[in-house]
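Each residue of the sequence shown is one higher than the last, beginning at 68 in the working numbering. Ideal Cβ placement from N, Cα and C applies to all residues, glycine included. Predicted, not measured: the structure shown is a model, and the values here were computed from it.
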Amino acid sequence: AESYSSSDAKTWVFDLRQGVEFHNGKTMTSEDVIASLQYHMGDESKSAAKGLLTAVTSLKADGPNRVIIELASANADFPFIVSDYHLAIMPVIDGSLAVNTGIGTGGYISQTFDPGVRATLKRNPNYWKENAGHFDELELISIIDVAARQTAMMNGDVHLIDRVDPKTVALLGRAPNLDILELTGTLHYTFPMRLAVAPFDNYDLRMALKYSIKRQELIDKILLGHGALGNDHPISTANRFHASGLEQREFDADKAAFHYKKSGHSGAIQLSSSDAAFAGAVDAAQLIAASAAEAGINIEVVREPKDGYWSNVWNKKGWCACYWGGRPTEDWMFSAAYTNDTEWNDTAWKGTEASAKFNDIVVSARAELDDNKRRDMYAECQRLINDDGGTICPMFANYILAHSKELAHGPNVASNWDTDGAKAAERWWFA
68 AESYSSSDAK TWVFDLRQGV EFHNGKTMTS EDVIASLQYH MGDESKSAAK GLLTAVTSLK
128 ADGPNRVIIE LASANADFPF IVSDYHLAIM PVIDGSLAVN TGIGTGGYIS QTFDPGVRAT
188 LKRNPNYWKE NAGHFDELEL ISIIDVAARQ TAMMNGDVHL IDRVDPKTVA LLGRAPNLDI
248 LELTGTLHYT FPMRLAVAPF DNYDLRMALK YSIKRQELID KILLGHGALG NDHPISTANR
308 FHASGLEQRE FDADKAAFHY KKSGHSGAIQ LSSSDAAFAG AVDAAQLIAA SAAEAGINIE
368 VVREPKDGYW SNVWNKKGWC ACYWGGRPTE DWMFSAAYTN DTEWNDTAWK GTEASAKFND
428 IVVSARAELD DNKRRDMYAE CQRLINDDGG TICPMFANYI LAHSKELAHG PNVASNWDTD
488 GAKAAERWWF A
C-alpha cells in the first residue's frame, strides 16, 4: 500500500501503489490483495496468520488500486497486522491464487527453493522500490548447527550469519575480515508448557516450574550477559506498553516446592530441548533441571534432534524449548501466539478463566484509542499470562549477527527480527 486511513479504526482504506509488477509481469491490483488475504481466512485455514485476520468481516475492492477492509470491532493497530510476513501478496492467475509458484512483487525472483535447505534468487529488474535490492544474485542457506554456521562464516563460505552463539562472539569479533552487530529488541527464549498435555494442565505444577528457574543464571551462562531478564510473558521493555510494574519473578525453592506439593504430581517431568530452538537451549534445559532439583522437582531433559524439531516437537510435546522474534505491538504478539484462535498458541492456553479474560481484554484493547487505558489493559494481559499461562520466558536475548566486511549497510539496523528485520537482502550492499 502507498497509504492507509481510517476514521474509526474499524473501516480501513488502503490505497495501493500503482504500477507494481509481479515477477511474471502481471500488474498487482486489488484483486490480488484480497485473494491473498482470503487465503489465510476461513474455518478450514491452517495458516499461522489466521488468528490475525479473524476480525475481518469484509474485503472489497474500490477499483483496481484501493482495498476497503471492514473489521468486526475497531483495531487501532491493524496496519501493523497486515505487514505480517505470512501475508505476502500473490497473483491471481486464470482466476486462482498462485500460491506455490514463488511469484511475488519483491526485490528478488525465486530461482530454486528447497524448503528448510536453501533458496537461490536473482535481482528483480522491475522492482518498484528505488535504492533497494542491490545484489545481482542471492543464496540463502539453512545451517541449523551453530558451530557449522559459524565455521562457514569464518571460512568465508557465506557473507552473513544470524544467531551467533554468545560463547563465540569474541572469537568471531577478532577475525579481521568480520564485523559483529548486536541489537536489543524483542527476541525472547521460552519453554512453553502445553495445557493440553498432562501434567501441564495443572496450575500449581506450572507455577512450581516457573518458580524453579534461576533466570539470571541463564543470562550469565547461556547468553553470557547478551540479554535481559524475562518475566514469563512475551512483552519486552522495547515494547510500548511493557508492564514495568509487574513484579519480577525470581527463583524461590520454597514457593516451587509448595506449588509442586499442591499439584499432587510425582515422578519425572520431561523437558524436550534442542539447539534448533536457540544456541545453548540444551544447556539451558540442564540448568533448569538442576535448579528445579533444589525444590525437589525431578526434570528429565530429552535432547531432541535438530532436524524436524519444529515439525515433531514444538507445538506437539508437553514442554519444550522455543524462541520468538517478538512483534512491534502487544496486540500482534498476543494474536500470534496467545489468543485461542491462533495455530501458533504453543502453550494451548485455552479453557481457563484467566485465558477467557485475556481473550476478552485483547479484543477490547484493539478498539481502545486512549493510550492510558490501553496501557492498563495490556498490563493486565501480561499479568494473566505471567500467572496462569503456560509460557516460561526466562530471558530476552540480543540479536547477534556476523557479516563480512565486504558487506555494507545503513546507519540504522532494525531489531525486530534477525538480519536487519529480515531485510538485509533488500537493504544491504557490497561495500
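Here the alpha carbon of M221 sits roughly 15 Å from the alpha carbon of I208. Secondary structure of Q337 (DSSP, three-state): strand. Taking 8 Å as the cut-off, the beta carbon of S97 is found no closer than this to the beta carbon of H107.
W377: member of the alpha helix (DSSP H) spanning Y376 to N379, first to last residue. In this structure the stretch 278-291 does not lie against the stretch 392-404, because fewer than three pairs of beta carbons, one per stretch, are closer than 8 Å. When the five nearest sequence neighbours on each side are left out, the beta carbons in the same chain lying within less than 7 Å of the beta carbon of T414 are those of P259, M260, R261, L262, G456, G457 and T458, in order along the chain. Between A359 and V368 a beta carbon distance of about 11 Å is seen, past the 8 Å cut, so the two are scored as non-contacting. Secondary structure at Q178: strand, using DSSP grouped into helix, strand and coil.
The criterion of a C-beta distance shorter than 8 Å is satisfied by S341 and E371. Taking the CA atoms as reference points, S70 sits about 13 Å from F147. Note that the C-beta distance between A310 and A362 is not below 8 Å. DSSP places C448 inside the alpha helix (DSSP H), whose first and last residues are D438 to D455. For H201 and N465, the gap between their C-alpha atoms comes out near 27 Å.
Following the DSSP letters along the chain, one finds T486 inside the alpha helix (DSSP H) bounded by residues D485 to A489. Just so you know, the alpha carbons of D319 and L474 end up roughly 47 Å apart. The alpha-carbon separation between A335 and N365 amounts to approximately 5 Å. The residue from A343, W496, F267 and G393 with its alpha-carbon nearest to that of S378 is A343. Around the beta carbon of P192, a 10 Å sphere encloses fewer than 16 other beta carbons of the protein chains shown; the residue is thus reported as exposed. In the structure shown, the three-state DSSP call for A186 is strand. Under DSSP, C389 takes part in a beta bridge, and its partners are T257. As a beta-bridge residue in DSSP terms, M462 pairs with Y256 and L296. Note on the stretch 162-250: whole beta strand (DSSP E) runs with a minimum of 3 residues are 175-181, 185-190, 204-208 and 245-250, in chain order. The C-beta separation of H300 from C460 comes to about 6 Å, placing the pair in contact by the 8 Å criterion.
Sequence-distant partners of K127 (beyond 5 residues in either direction) whose C-beta falls short of 7 Å from its own C-beta, in its chain, are I135. If you draw a straight line from the Cα of L104 to the Cα of G162, it is about 15 Å long. Within the stretch 70-113, the complete alpha helix (DSSP H) runs of at least 4 residues fall at 97-105. Of all C-beta pairs linking the stretch 441-456 to the stretch 423-431, three or more are shorter than 8 Å, placing the two stretches in contact. The beta-bridge partner set that DSSP reports for W496 consists of A475.
Looking from the CA of A68, the closest CA among S150, A116, F89 and D203 belongs to S150. Within the same chain, and ignoring the five residues on either side of W399 in sequence, the residues whose Cβ sits closer than 8 Å to its Cβ are L119, D144, F147, I148 and D151.
Around the CB of N479, fewer than 16 other CB atoms lie within 10 Å, so the residue is classed as exposed. A186 sits away from L436, with the two beta carbons spaced by 8 Å or more.
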